[in-house]
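*Asks:* So the sequences go chain by chain: A and B.
Read in order, the letters of the first sequence correspond to residues 288 to 588 in my numbering.
Read in order, the letters of the second sequence correspond to residues 38 to 382 in my numbering.
We put the beta carbon where it would ideally sit given N, CA and C, even for glycine.
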Amino acid sequence: MIVAVLNISWQTLADALSLGGIYALMAVGIGLVFGVLRLVNFAYGQLIMAGAYSIAYASVWGWPAWAGVLLCFGVVLALSMLMDWLVFRPLRGHSPAVMLVATFAIAFLLQSIAVLAFGQLGTIASTIGPLNQPWDIGGVEIRKIAIVSIAVAAFCLVLLQLLLTRTSIGLHMRAAAMDFTTSRMLGVRANRVVGGAVLISGLLAAVSAFMLTGRNPQVTPIFGLDDTIIVLAGVVLGGLTRPIPATLGGFTIGFASGILGGALPTNQSQYLPSFLFGAVIVVLLLRPNGLFTRAAAVERL
Amino acid sequence: MTVRRLPELLGPAALVLATALLGLAVSVSLQNYFLDTLVKVSIVVALYVFIGNSGVLSFGHIAFVALGVWTAGVLTVPESQKNAIMPGLAHFLLHTNVGNVASLALAAGVGMLFALIVGLPLMRLSGLAAGIATFAVLEIVNNLLRYWQAIGPGLNAFSSVPQTTGIWQAAIGAFICIAVAYAYQRSRFGRQLRAAREDPAAAAAAGISIYGQRLLAFALSGGLAGLAGGIYVHLLPIEVDNVYLDLTFLTLAMLVVGGAGSLLGAVVGALAVSGLDSFLSAAENGVDVFGWHLDLPTGTSVIVVGTLMAVVLILRPSGLSGGRELSLPRRRPRVPDLPKVRAPT
Numbered sequence: 288m289i290v291a292v293l294n295i296s297w298q299t300l301a302d303a304l305s306l307g308g309i310y311a312l313m314a315v316g317i318g319l320v321f322g323v324l325r326l327v328n329f330a331y332g333q334l335i336m337a338g339a340y341s342i343a344y345a346s347v348w349g350w351p352a353w354a355g356v357l358l359c360f361g362v363v364l365a366l367s368m369l370m371d372w373l374v375f376r377p378l379r380g381h382s383p384a385v386m387l388v389a390t391f392a393i394a395f396l397l398q399s400i401a402v403l404a405f406g407q408l409g410t411i412a413s414t415i416g417p418l419n420q421p422w423d424i425g426g427v428e429i430r431k432i433a434i435v436s437i438a439v440a441a442f443c444l445v446l447l448q449l450l451l452t453r454t455s456i457g458l459h460m461r462a463a464a465m466d467f468t469t470s471r472m473l474g475v476r477a478n479r480v481v482g483g484a485v486l487i488s489g490l491l492a493a494v495s496a497f498m499l500t501g502r503n504p505q506v507t508p509i510f511g512l513d514d515t516i517i518v519l520a521g522v523v524l525g526g527l528t529r530p531i532p533a534t535l536g537g538f539t540i541g542f543a544s545g546i547l548g549g550a551l552p553t554n555q556s557q558y559l560p561s562f563l564f565g566a567v568i569v570v571l572l573l574r575p576n577g578l579f580t581r582a583a584a585v586e587r588l
Numbered sequence: 038m039t040v041r042r043l044p045e046l047l048g049p050a051a052l053v054l055a056t057a058l059l060g061l062a063v064s065v066s067l068q069n070y071f072l073d074t075l076v077k078v079s080i081v082v083a084l085y086v087f088i089g090n091s092g093v094l095s096f097g098h099i100a101f102v103a104l105g106v107w108t109a110g111v112l113t114v115p116e117s118q119k120n121a122i123m124p125g126l127a128h129f130l131l132h133t134n135v136g137n138v139a140s141l142a143l144a145a146g147v148g149m150l151f152a153l154i155v156g157l158p159l160m161r162l163s164g165l166a167a168g169i170a171t172f173a174v175l176e177i178v179n180n181l182l183r184y185w186q187a188i189g190p191g192l193n194a195f196s197s198v199p200q201t202t203g204i205w206q207a208a209i210g211a212f213i214c215i216a217v218a219y220a221y222q223r224s225r226f227g228r229q230l231r232a233a234r235e236d237p238a239a240a241a242a243a244g245i246s247i248y249g250q251r252l253l254a255f256a257l258s259g260g261l262a263g264l265a266g267g268i269y270v271h272l273l274p275i276e277v278d279n280v281y282l283d284l285t286f287l288t289l290a291m292l293v294v295g296g297a298g299s300l301l302g303a304v305v306g307a308l309a310v311s312g313l314d315s316f317l318s319a320a321e322n323g324v325d326v327f328g329w330h331l332d333l334p335t336g337t338s339v340i341v342v343g344t345l346m347a348v349v350l351i352l353r354p355s356g357l358s359g360g361r362e363l364s365l366p367r368r369r370p371r372v373p374d375l376p377k378v379r380a381p382t
């Protein structure tokens, strides 16, 4: 029905849903680390860029697709652990602004390393190129990657929800996200929780890298940068401190940008970022704690 | 107060003067680096007026610089060339031209007005929400300037803007920014905002309107950023990507490395990082240093600056200056030790 009213194709709808799914995963990845460390990881997009380059270079070297994806997971996990070790750990306890600027610096550092090592022009991940071809479902053509990413995102989110609610490490993470100091007093081990959050966040970055590369196989040093900026806005929009509002925020902004990008004519869709960020500002003004959270109490002294 | 406090103004000004004089002494090709450095000083001081005094992070100031660039650029491209560079320009802009100084004043005015309008709703936010919201402002302004050809060249560069920014004009711009920043931070408004930075609850309880003070600083620093943008476009043919994320990163790095808490820190950070960055950029094209030929691969400068910024943040979060201003040593009258009073128990 929505499809008929807004005059958009099934392809656009599927694309928007899949973009929403990918952004939701990235949002959880950013939100989990924020929950335990109170740190907004601006360099998340560069993790994704590193993963995308792994897939692209694996295909340049003639590796099969699965080996490329495996390499992507290895590289992204190693890099996020390294980031935790070298940057997040020494910064623990600093003000959020200092940490945000620090990850901003790391983001630009990684990006310029990519420019230096791989060049501006970019590399094509040809092994997963076939994912861009359409499937014919009941007379409607939909790109394979759209369906794959909707399925993968749903699977990951369910798994994550189970992890957070049904396991002790998940319980610890939620407790730490609510009040780090008190949870430590009650026996939550800080390093284990932080390590777990960074690990899961890295896994989600690798999954997102795979799916974003499937959507756009041309990998450049700024791959994932725009996506991360939009997801960051989405996460703040939804509410940073809890996983579910963060996920919803990420999904909403991904879905909205997918639908608007498909429905608007080209001469208007170039202003899409203005619409999106305008909406972000409006929401921040109306609900500074996020769309999907209950009104939080004012911080006491 | 006053004599003891004078170095707070004169120290940064002397640093800028020394840079300008050094820039006059070197060859023309090297002079460009000094010009660029002086403009960066202006931008970083503009950032400092808001971020330093309020303690609220803003990623949006480069949007005000960009508006200054557009204002001064559009109004000074010679009329005969406007059609070639800006084919879609609105009619009234096509036939409006002003002189150099007027274009700078207008750039500052547009920056201030826009910051005031944007700040009216945004200054209610703080912390992360403020960071993201100002980032959204940068994104929107960049997006509009990139595609809206009625107000500027879109993706084209601002070529054939009269290149009036020489060493002295760039230095005077930096002096103006420093003087305004000094006057502001010594005024009651600046003090109120700094009080709010240190302890918002106590400041509010003492009757300070945090919202109002932040808005004032935001508008003021938006004006200075616009002025810096105007000076910038009279120096180089700027395009939209020159006033976007890279410049945001670089200027924030300068502020953080120098120390966001003081005017001295802003100026020192801008000079130090800009000097390093200029040297490495020159080395990317090959330079001779004391008989050595140094030839670094492209991109080294960003890597070194990024690493430096991360290291300074981790090891010394208050920056090189430690948030202190220059001042003469205090001469205290000797006071005899007071007898110790035991607190009643």
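Kindly say whether Gly-48(B), judged by its beta-carbon, lies nearer than 8 Å to any beta-carbon of chain A.
*Replies:* In terms of beta-carbon proximity, Gly-48(B) stays away from the interface with chain A, with every pair separated by 8 Å or more.
*Asks:* In the DSSP assignment, what residue or residues form a beta bridge with Leu-423(A)?
*Replies:* The identity of residue 423(A) in the sequence shown is Asp, whereas the question assumes Leu. Per DSSP, Glu-428(A).
*Asks:* Helix, strand or coil for Leu-414(A), going by three-state DSSP, please let me know.
*Replies:* Note on residue identity: the sequence assigns Thr, not Leu, to residue 414(A). Three-state result, Thr-414(A): coil.
*Asks:* With H, G and I counted as helix, E and B as strand and the rest as coil, what does DSSP make of Leu-473(A)?
*Replies:* Under the three-state reduction of DSSP output, Leu-473(A) falls in the coil class, being neither helix nor strand.
*Asks:* Give the interface partners of Tyr-184(B) over in chain A, defined as CB-CB distance under 7 Å, in chain order.
*Replies:* Gln-557 and Tyr-558
*Asks:* Quick one: Cα of Glu-586(A) to Cα of Gly-125(B), how far?
*Replies:* Because Glu-586(A) carries a pLDDT of 49, less than 50, the predicted location of this residue cannot be relied on, and the following value inherits that uncertainty. The straight-line gap from Cα to Cα measures roughly 51 Å.
*Asks:* In chain A, which residues lie with their C-beta within 8 Å of the C-beta of Arg-41(B)?
*Replies:* Residues of chain A passing the Cβ test: none, with the nearest at roughly 31 Å.
*Asks:* Return the CA-CA distance between Ala-290(B) and Ser-358(B), expressed in angstroms with no decimal places.
*Replies:* 14 Å
*Asks:* Give me the Cα-Cα distance between Thr-364(A) and Ala-103(B), rounded to the nearest whole angstrom.
*Replies:* Note that residue 364(A) is Leu in the sequence shown, not Thr. Whole-angstrom Cα-Cα distance: 38 Å.
*Asks:* Would Val-78(B) be called buried (16 or more neighbouring beta carbons within 10 Å of its own) or exposed?
*Replies:* buried
*Asks:* Kindly list, in the order they appear in chain A, the residues whose Cβ is closer than 7 Å to that of Met-346(B).
*Replies:* Ala-392
*Asks:* If you reduce the DSSP assignment to three classes, tell me which class Met-288(A) lands in.
*Replies:* Reliability fails at Met-288(A), whose pLDDT of 42 lies under 50, so the model's placement of it is uncertain and the value that follows must be treated cautiously. Three-state result, Met-288(A): coil.
*Asks:* Taking Ala-330(A) and Ile-393(A) to be in contact with their CB atoms under 8 Å, please state how far apart those CB atoms are, rounded to whole angstroms.
*Replies:* Yes, Ala-330(A) and Ile-393(A) are in contact; Cβ-Cβ is about 4 Å, under 8 Å.
*Asks:* Should Gly-267(B) and Ala-127(B) be called a contact, given that it needs their Cβ atoms to be closer than 8 Å?
*Replies:* no
*Asks:* Can you give me the start and stop residues for the beta strand (DSSP E) that Leu-331(B) sits inside?
*Replies:* Counting along the chain, the beta strand (DSSP E) containing Leu-331(B) begins and ends at 329 to 331.
*Asks:* If distances are taken between C-alpha atoms only, which option among Ala-207(B), Leu-333(B) and Val-174(B) comes closest to Leu-563(A)?
*Replies:* Val-174(B)
*Asks:* Using a threshold of 8 Å, state whether the C-beta atoms of Ala-496(A) and Ala-339(A) are closer than that.
*Replies:* yes
*Asks:* Could you please tell me which residues of the segment 385 to 411 of chain A, in chain order, have their CB closer than 7 Å to any CB of chain B?
*Replies:* Taking 7 Å as the Cβ-Cβ cut-off against chain B, the residues of the segment 385 to 411 of chain A that qualify are Val-385, Leu-387, Val-388, Ala-389, Phe-391, Ala-392, Ile-393, Phe-395, Leu-396, Ser-399, Ile-400, Val-402 and Leu-403.
*Asks:* Would you kindly check if the distance between the Cβ of Ala-319(B) and the Cβ of Gly-89(B) is under 8 Å?
*Replies:* No, these two residues do not count as a Cβ contact at 8 Å.
*Asks:* Interface residues of chain B around Val-327(A) at Cβ under 7 Å?
*Replies:* Leu-165
*Asks:* Which same chain residues, not among the five before or five after Gly-409(A), have their C-beta less than 7 Å away from its C-beta?
*Replies:* Gln-505, Val-506 and Thr-507
*Asks:* Let me check understanding here. Comparing Cα to Cα, which of Pro-560(A), Ala-463(A), Leu-499(A) and Met-472(A) lies closest to Ala-412(A)?
*Replies:* Leu-499(A)
*Asks:* I'd like to check one pair, Val-86(B) with Leu-261(B): are the Cβ atoms closer than 8 Å?
*Replies:* yes
*Asks:* Assuming Ile-263(A) contacts Ile-540(A) (C-beta within less than 8 Å), just tell me the rounded distance between them.
*Replies:* Not covered by the structure: residue 263(A). The range shown for chain A is 288 to 588.
*Asks:* For Val-567(A), decide whether its Cβ has a neighbour in chain D, counting only Cβ atoms nearer than 8 Å.
*Replies:* Within the model displayed, chain D is absent; protein chains A and B are what it includes.
*Asks:* Select from the segment 219 to 230 of chain B all residues with a C-beta closer than 8 Å to any C-beta belonging to chain A, and list them in chain order.
*Replies:* none
*Asks:* Spatial neighbours of Val-402(A) within its chain, please: CB distance less than 6 Å, with the 5 preceding and 5 following residues excluded, ordered by chain position.
*Replies:* Pro-508
*Asks:* I want to know whether the segment 240 to 254 of chain B touches the segment 176 to 191 of chain B - three or more CB-CB distances under 8 Å.
*Replies:* no
*Asks:* Beta-carbon of Val-506(A) versus every beta-carbon of chain B: anything under 8 Å?
*Replies:* no
*Asks:* Alpha carbon to alpha carbon, how far is Gly-307(A) from Gly-457(A)? Give it in angstroms, no decimals.
*Replies:* 24 Å
*Asks:* Just to confirm, are Ala-152(B) and Phe-255(B) a CB contact at a threshold of 8 Å?
*Replies:* yes
*Asks:* So, are the CB atoms of Thr-113(B) and Val-147(B) less than 8 Å apart?
*Replies:* Taking 8 Å as the cut-off, the Cβ atoms of Thr-113(B) and Val-147(B) do not count as close.
*Asks:* From this set, Ile-568(A), Leu-446(A) and Asn-576(A), which residue's C-alpha is nearest Gly-156(B)'s C-alpha?
*Replies:* Ile-568(A)
*Asks:* Closest to Ser-91(B) by CA distance: which of Ala-167(B), Phe-286(B) and Trp-205(B) is it?
*Replies:* Ala-167(B)
*Asks:* Using alpha carbons as the reference points, say which of Ser-66(B), Leu-72(B), Gly-227(B) and Leu-150(B) lies closest to Leu-54(B).
*Replies:* Leu-72(B)
*Asks:* Determine the DSSP secondary structure at Gln-505(A), reduced to helix, strand or coil.
*Replies:* strand
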